[in-house]
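Q: Here it is: the structure, laid out below.
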Amino acid sequence: MGKLIVFTSISLDGYFTDAHGDMGWAHRSDPEWDGFVAGNARHDGMLLFGRVTYEQMASFWPTPAARQMAPDVAKGMTRASKVVFSRSLKNAAWSNTRLVGDGMLDAVRALKRDTPQDLVVLGSGSIVSQLAQENLVDEYQTVLVPIVLGSGRTLFEGLDHRQPLQLTQSQAFSNGNVVLWHKRSPT
Amino acid sequence: MSRLVLQMQMSVDGYMSADTDIDWQVWDWSDPWTWDKGLKRRFNAVFDSVGCILLSRKMAEQGYLDHWERVARDHASEPDYAFARKVVQSRKVVLTDKLPSSRWERTVLALGGMVEEVTALKRRIEGDIIVFGGVGFASALVAAGLVDEFQLFVNPAAVGAGRSIFGQLPDGLQLQLLDSAAYDCGIVVNRYAAAAVS
Numbered sequence: 001m002g003k004l005i006v007f008t009s010i011s012l013d014g015y016f017t018d019a020h021g022d023m024g025w026a027h028r029s030d031p032e033w034d035g036f037v038a039g040n041a042r043h044d045g046m047l048l049f050g051r052v053t054y055e056q057m058a059s060f061w062p063t064p065a066a067r068q069m070a071p072d073v074a075k076g077m078t079r080a081s082k083v084v085f086s087r088s089l090k091n092a093a094w095s096n097t098r099l100v101g102d103g104m105l106d107a108v109r110a111l112k113r114d115t116p117q118d119l120v121v122l123g124s125g126s127i128v129s130q131l132a133q134e135n136l137v138d139e140y141q142t143v144l145v146p147i148v149l150g151s152g153r154t155l156f157e158g159l160d161h162r163q164p165l166q167l168t169q170s171q172a173f174s175n176g177n178v179v180l181w182h183k184r185s186p187t
Numbered sequence: 188m189s190r191l192v193l194q195m196q197m198s199v200d201g202y203m204s205a206d207t208d209i210d211w212q213v214w215d216w217s218d219p220w221t222w223d224k225g226l227k228r229r230f231n232a233v234f235d236s237v238g239c240i241l242l243s244r245k246m247a248e249q250g251y252l253d254h255w256e257r258v259a260r261d262h263a264s265e266p267d268y269a270f271a272r273k274v275v276q277s278r279k280v281v282l283t284d285k286l287p288s289s290r291w292e293r294t295v296l297a298l299g300g301m302v303e304e305v306t307a308l309k310r311r312i313e314g315d316i317i318v319f320g321g322v323g324f325a326s327a328l329v330a331a332g333l334v335d336e337f338q339l340f341v342n343p344a345a346v347g348a349g350r351s352i353f354g355q356l357p358d359g360l361q362l363q364l365l366d367s368a369a370y371d372c373g374i375v376v377n378r379y380a381a382a383a384v385s
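These protein sequence lines map, in sequence, to chains A and B. Under the numbering used here, the first residue of the first sequence is numbered 1, with each subsequent residue one higher. Under the numbering used here, the first residue of the second sequence is numbered 188, with each subsequent residue one higher.
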């Protein structure tokens, strides 16, 4: 049984995308940071997405530009098992992707039960709040990026009860990012 | 030229302390003080370099100074509460155009505009100027570009909604991480400088 991990880059004013849905501001390349991200990409997790984040990633990571910019990450993203949750998407063409139309919460419960490796949600504000609400998230890995965006989408939009967390680790990087690891507090 | 230092409690998802409803924070500023020893020491050390405390009118009128005076008296011999004695002894400035006079000790009113008063204060004061106020007051200082250093205390909670001191910056802002430290009570303190304009 794997853990469900939510991995997100977030601005200091709480946004995970800017007003145009873009996450490019979160890429702050430097050798130390790139090494950390490449290490994550080698981690053999199953990736879960909402439609918006999926479409964004599917249109970037398989391209030559992505392979040139971050070869290890591009390789890892393509090889990984992926699940996209969407009622409107008709098919999901990116390699190793399964499309789940209805019953996101039940599907996640089944995945948690049956999948030996960790499940990792990348971005995807629309599903994070729902998963958090149902206490399905075991761990948050949050990258605090030293930038204020001014506007955008918040990760926990629609959360109707607070999530008390437990800090397990933190690490600061030379590019100014601070990564926080939190576990869900026992309820 | 002294620096304006702004300290704020924050949730993992970027919301800052509001005037009410702060149950997600590790410490709600009442007794007992629920931070760990290391973070209390850190908090006290911040006051070593403080030359002046800048307060919003609201904070002053809500009894900020009376509160810490009482705390300083009640915990007179405890090293943990040295900061409260420092608050009492420090010179304080309340930014306001609504009050006729100050009724607090060692406290003067700054009646001019915010930018003029804070800029003049930075020239006059030796040591850091530390700000205490709500999100509204802090946002105005941030929006005017007056804050030199941000000390963000990231509390272990996601809250989903609230206000941020960065709420009045439609064009955003680049910051520079100065340092980051985690504490046993679950708070991570990140210090940022307002990045130099290039």
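No residue lacks a Cβ here, since even glycine has one placed at the ideal position from N, Cα and C.
1) Would you list, in chain order, the members of the segment 145 to 159 of chain A that have their beta-carbon closer than 8 Å to a beta-carbon of chain B?
2) Count the C-beta pairs between the segment 312 to 331 of chain B and the segment 363 to 376 of chain B that are closer than 8 Å, then say yes if the count reaches three, no if not.
3) Starting from the C-beta of Lys183/A, find all residues in its chain whose C-beta is less than 6 Å away, skip the five residues before and the five after it, and write them out in chain order.
4) Can you find a CB in chain A that lies within less than 8 Å of the CB of Leu191/B?
5) Helix, strand or coil for Ala325/B per DSSP?
6) Taking Val281/B and Leu242/B to be in contact with their CB atoms under 8 Å, please state how far apart those CB atoms are, rounded to whole angstroms.
7) Once the 5 residues before and after Thr154/A are set aside, which same chain residues still bring their CB inside 8 Å of it?
8) Give the list of continuous beta strand (DSSP E) stretches no shorter than 3 residues that lie fully inside the segment 230 to 271 of chain B.
9) Please state the DSSP three-state secondary structure of Leu286/B.
10) Select from Glu134/A, Val84/A, Arg28/A, Lys112/A the residue whose C-alpha is nearest the C-alpha of Asp102/A.
11) Report the residue from Asp223/B, Gly321/B, Phe353/B, Gly300/B whose alpha carbon sits nearest the alpha carbon of Glu248/B.
12) Tell me which residues of the segment 367 to 379 of chain B have at least one Cβ-Cβ distance to chain A shorter than 7 Å, keeping chain order.
13) Report the start-end ranges of each alpha helix (DSSP H) in the segment 53 to 132 of chain A that is 4 residues or longer and not cut off at the edges.
14) Between the Cα of Glu32/A and the Cα atoms of Leu180/A, Pro186/A, Asn175/A, which residue gives the shortest distance?
15) If you check the beta carbons only, do Phe36/A and Val121/A fall under 8 Å apart?
16) Short of 8 Å in beta carbon distance, which residues of its chain neighbour Ile374/B, apart from the five on each side in sequence? Order them along the chain.
17) How many Å lie between Thr306/B and Gly123/A at the Cα?
18) Got a sec: which bits of the segment 207 to 231 of chain B sit with their beta carbon under 7 Å from any beta carbon on chain A, in order along the chain?
19) Can you give me the start and stop residues for the beta strand (DSSP E) that Glu139/A sits inside?
20) If you draw a straight line from the C-alpha of Gln363/B to the C-alpha of Asp261/B, how long is it?
21) I'd like to confirm the pairing. Which residues does DSSP put opposite Arg51/A in its beta bridges?
22) Pull up the distance between the alpha-carbon of Phe379/B and that of Ile147/A, whole angstroms please.
23) Excluding the five sequence neighbours on either side, which residues of its own chain have a C-beta within less than 7 Å of the C-beta of Tyr268/B, listed in chain order?
24) What are the residues that DSSP puts in a beta bridge with Gln355/B?
25) Nearest chain B C-beta to Val178/A closer than 8 Å, yes or no?
26) Any C-beta of chain A sitting closer than 8 Å to the C-beta of Val341/B?
27) Can you tell me which of the three DSSP states Met301/B falls into?
28) Which value, in whole angstroms, describes the spacing of the CA atoms of Val233/B and Glu336/B?
29) Can you pull out the residues from the segment 341 to 359 of chain B whose beta carbon lies closer than 8 Å to at least one beta carbon of chain A?
30) Just curious, the alpha helix (DSSP H) that Pro186/A is in, first and last residue?
31) Can you tell me which residues form a DSSP beta bridge with Thr294/B?
32) Run the CB neighbour count on Thr63/A, radius 10 Å, all protein chains shown included, and call it buried at 16 or more, exposed below.
33) Are Leu119/A and Gly45/A closer than 8 Å when you measure CB to CB?
34) So for Pro164/A, helix, strand or coil by DSSP?
35) Pull the bridge partners of Ser9/A from the DSSP assignment, please.
A: Short version:
1) Pro146, Ile147, Val148, Leu149, Gly150, Ser151, Thr154, Leu155, Phe156, Glu157, Gly158, Leu159
2) no
3) Glu139, Gln166, Thr168
4) no
5) helix
6) 5 Å
7) Gly14, Tyr15, Phe16, Gly125
8) 237 to 243
9) coil
10) Val84/A
11) Gly321/B
12) Ser367, Ala369, Gly373, Val375, Asn377, Tyr379
13) 64 to 69, 71 to 79, 104 to 114
14) Asn175/A
15) no
16) Val213, Trp222, Leu226, Phe340, Val341, Asn342, Pro343
17) 41 Å
18) Trp211
19) 139 to 145
20) 39 Å
21) None, per the DSSP bridge assignment.
22) The residue asked about is misnamed: residue 379/B is Tyr in this sequence, not Phe. Going from the Cα of Tyr379/B to the Cα of Ile147/A covers about 10 Å.
23) Val258, Ala259, His262
24) Gln355/B pairs with nothing; no bridge assigned.
25) yes
26) yes
27) helix
28) 12 Å
29) Val341, Pro343, Ala344, Ala345, Val346, Gly347, Ala348, Ser351, Phe353, Gly354, Leu356, Pro357, Asp358, Gly359
30) No alpha helix (DSSP H) contains Pro186/A, which DSSP labels as neither H nor E.
31) Lys279/B
32) exposed
33) yes
34) strand
35) Val143/A
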